[in-house]
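A.B. asks:
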Amino acid sequence: MWTIAGRELRSLFLSPLAWAILAAVQVILGLFFRDMLLYFIRPDVQASLANVPNAPGLTAILASDLFGSLGIVLLLMAPLLTMRLVSEERRNKTLPLLLSAPMSMTSIVLGKFLGLMGFFLIMLMMVMLMPLSLLLGGAIDWGHLGSCLLGIFLLLGALTAVGLYISTLTTHPTVAAISTFAAFLLLWMLGSFEKVGEDQTGVLNLAYWSIIKHYQPLLEGLFSTADVVYYVLLMALFLVLSIYRLDACDSFGLIP
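Reading the sequence shown from the start, the letters are residues 3 to 258 in the numbering used here.
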């Protein structure tokens, strides 16, 4: 599993696309963070916040918006990375060799998953330098910042698992990228759908299944076990589906 993960991570850093995505994320978020910081330190904004009881602090305003924007950026860019996880192996005719390796299908899938998550972790470490720079001029709410970091990490895990599964379904990375983006968009937009059924707070509420519904509270510093469980179950579901899909490809000769 760790061999596959290391191989996947190395291949990412040999790809110009991965470097381009890293650079794009840093530039986009850097400009956004600068603008938010300049807005926050304006005298009129400071005066307005001074008159608000229990006004949000520096971390609540800047970190929440920063990681909220990061979620949207990665919604657009993550499919470009997940598309190659398995479909590129098919295209290069290396998937049969990978499946015949002396390791379980679970190890292969988890290795692919952990390799890309390792890349995202490096990206998050770079992004974290922005809110940490606030220490130069003020205090940081570490609990709130940790909640934001947990939220984006869980979101990335869910997006990676979904993208990995879709990548097992096609030979063409472009098709995988478009299909993955459509799936991400659906999960994101479920929050705007009308409620159905009589159970307005339970699973019959389509908004309950929205990936943003469970992300937003963590950005606000509100930790809930239900939100964490949602992401863990979503990851587990699509990782298991990926394992079964590759196992079927190996058992029934479905590899092109």
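We put the CB at the ideal spot given by N, CA and C, even for glycine.
These numbers were taken from a predicted model, which means no experiment stands behind them.
How is K95 classed by DSSP in three states: helix, strand or coil?
C.D. replies: In this structure, K95 counts as coil in the three-state DSSP scheme.
A.B. asks: Suppose the cutoff is 6 Å on Cβ atoms and the five residues either side in sequence are ignored; what does the same chain contact list for A160 look like?
C.D. replies: Within the same chain, A160 has close Cβ partners Y233, L236, M237.
A.B. asks: Quick one, are the C-beta atoms of I213 and G117 less than 8 Å apart?
C.D. replies: No, these two residues do not count as a Cβ contact at 8 Å.
A.B. asks: I need the DSSP call for T170, collapsed to helix, strand or coil.
C.D. replies: Here T170 sits in coil by DSSP.
A.B. asks: Going by other Cβ atoms of all chains shown within 10 Å of its Cβ, with 16 needed for buried, is G140 buried or exposed?
C.D. replies: Exposed, because fewer than 16 other Cβ atoms sit within 10 Å of the Cβ of G140.
A.B. asks: Decide if P18 is buried, meaning its Cβ has at least 16 other Cβ atoms within 10 Å, or exposed.
C.D. replies: It counts as exposed.
A.B. asks: Grab me the residues of M3's own chain with a C-beta within less than 6 Å of its C-beta, minus the 5 sequence neighbours each way, in chain order.
C.D. replies: Here the set comprises S109, L112, G113.
A.B. asks: Suppose the cutoff is 6 Å on Cβ atoms and the five residues either side in sequence are ignored; what does the same chain contact list for E90 look like?
C.D. replies: P175, listed in sequence order.
A.B. asks: Using a Cβ-Cβ cut-off of 7 Å (strictly less than) and excluding sequence neighbours within five positions of F69, which residues of its own chain qualify?
C.D. replies: Closer than 7 Å at Cβ, skipping near neighbours: C150, G153, I154, L221.
A.B. asks: Under 8 Å between the Cβ atoms of L31 and V129?
C.D. replies: Yes, the pair counts as a contact, with Cβ atoms nearer than the cut-off.
A.B. asks: Starting from the C-beta of L187, find all residues in its chain whose C-beta is less than 8 Å away, skip the five residues before and the five after it, and write them out in chain order.
C.D. replies: Closer than 8 Å at the Cβ level, and outside the excluded window around L187, lie L77.
A.B. asks: So what does DSSP say about S13, is it helix, strand or coil?
C.D. replies: Three-state DSSP puts S13 in a helix.
A.B. asks: With distances taken between CB atoms, is the gap from M85 to S13 smaller than 8 Å?
C.D. replies: It is not a contact, given that the beta carbons lie outside the stated cut-off.
A.B. asks: At what residues does the alpha helix (DSSP H) containing R36 begin and finish?
C.D. replies: 18 to 42 is the span of the alpha helix (DSSP H), which, as asked, contains R36.
A.B. asks: Is it right to say L131 is buried, meaning 16 or more other beta carbons lie within 10 angstroms of its own, or is it exposed?
C.D. replies: Exposed, by the Cβ-count rule.
A.B. asks: Can you tell me whether S66 is buried or exposed, with buried defined as 16 or more other CB within 10 angstroms of its CB?
C.D. replies: Label assigned to S66: buried.
A.B. asks: Locate the alpha helix (DSSP H) running through M132, then write down its first and last residues.
C.D. replies: Segment 107 to 134, the alpha helix (DSSP H) holding M132.
A.B. asks: Between A179 and I124, what straight-line distance do the alpha-carbon atoms span, to the nearest angstrom?
C.D. replies: So the alpha carbons of these two residues sit roughly 22 Å apart.
A.B. asks: Indicate whether F122 and L241 have their beta-carbon atoms separated by less than 8 Å.
C.D. replies: Contact: no.
A.B. asks: Within this structure, are the beta carbons of M305 and L248 separated by less than 8 Å?
C.D. replies: Outside the shown range of the chain, which is 3 to 258, sits residue 305, and nothing can be said about it.
A.B. asks: Please list the terminal residues of the continuous alpha helix (DSSP H) segment that includes D262.
C.D. replies: The first residue shown for the chain is 3 and the last is 258, placing residue 262 beyond what the model contains.
A.B. asks: Can you give me the start and stop residues for the alpha helix (DSSP H) that V177 sits inside?
C.D. replies: Note, V177: alpha helix (DSSP H), 175 to 191.
A.B. asks: Whole angstroms are fine: how far does the CA of M119 sit from the CA of L158?
C.D. replies: Looking at the two C-alpha atoms, the distance is approximately 8 Å.
A.B. asks: Going by C-alpha to C-alpha distance, which of G148, W144, F183 sits closest to A163?
C.D. replies: Closest by alpha carbon: F183.
A.B. asks: Please name the residue in A103, S71, A20 whose C-alpha comes closest to that of L82.
C.D. replies: Ranking the options by Cα distance to L82, first place goes to A20.
A.B. asks: Can you name, in chain order, every residue of its own chain whose Cβ lies under 8 Å from the Cβ of L166, other than the five neighbours on each side?
C.D. replies: Result list for L166: T84, L87, V88, V111, K114, F115, L118, F240, L241, S244, in chain order.
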